[in-house]
Amino acid sequence: MTTMTDTTTAAPTAAATPAAPANGATPADAGVQLHLDGAWLTVCAAARLTPGRGVAVLLPDGRRQAALFLDRAGRLYAIDNRDPFTGAAVLSRGLVGSADGRPFVASPLLKQRFDLETGRCLDDDEAGVGVYEARVSA
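Its first residue numbered 1, the sequence shown is counted upward by one per residue in UniProt numbering.
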């Protein structure tokens, strides 16, 4: 897990727009940034992301985590890492897929699927996770 040192806190936004580098290439020193409390904060190196796999990052409040995902088309997503059904911070270790053209991650514990763009649980309308606006920045 990547740890950050900034002390600002932020709540996830209602929906995030997937981000991708403009030309599809990622510079070696590029960073993944989340939009937190009105500012962009670098949370990890873009080189840590592997398409189809998640990465957990600790948010500035020191309590919460975000799960970052890069899909095979190069789009970046960020959601809360906490599984609302178990309370465990495991979504970054989930299986990434798509349903009806919508990207999702399935929890590695109980297998509920969460839309990576909206955070909505695809298997239970009463549940969901927060999403963060994310981008890759050089």
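Backbone N, C-alpha and C fix where the C-beta goes; we use that ideal spot for every residue, glycine too.
- Note that the stretch 94-102 does not touch the stretch 30-39; fewer than 3 beta-carbon pairs, one per stretch, sit closer than 8 Å.
- When secondary structure is reduced to three states using DSSP, S107 falls in the coil class, being assigned neither helix nor strand.
- Within the same chain, Q65, N81 and R82 come within 6 Å of A89 by CB-CB distance, once the 5 residues on both sides are set aside.
- Taken through DSSP and simplified to helix, strand or coil, A73 comes out as coil.
- Distances from the CA of E117 to each of L59, P51, A134 and D125 were compared; the closest alpha carbon is that of A134.
- Here D61 is exposed. Its C-beta has fewer than 16 other C-beta atoms within 10 Å.
- Note: F85 is not bridge-paired with any residue in the DSSP secondary-structure output.
- Annotation for G54: the continuous beta strand (DSSP E) segment containing it runs G54 to L58.
- Counting only residues of its own chain and dropping the five nearest sequence neighbours on each side, G119 has a CB closer than 7 Å to the CB of I79, G128, V129, G130 and V131.
- Each residue's CA atom was taken as its position, placing G54 and L122 some 19 Å apart.
- Collapsing the DSSP output to three states places A28 in coil.
- Where D115 is concerned, the enclosing beta strand (DSSP E) starts and stops at R113 to D115.
- For L95, the three-state secondary structure derived from DSSP is strand.
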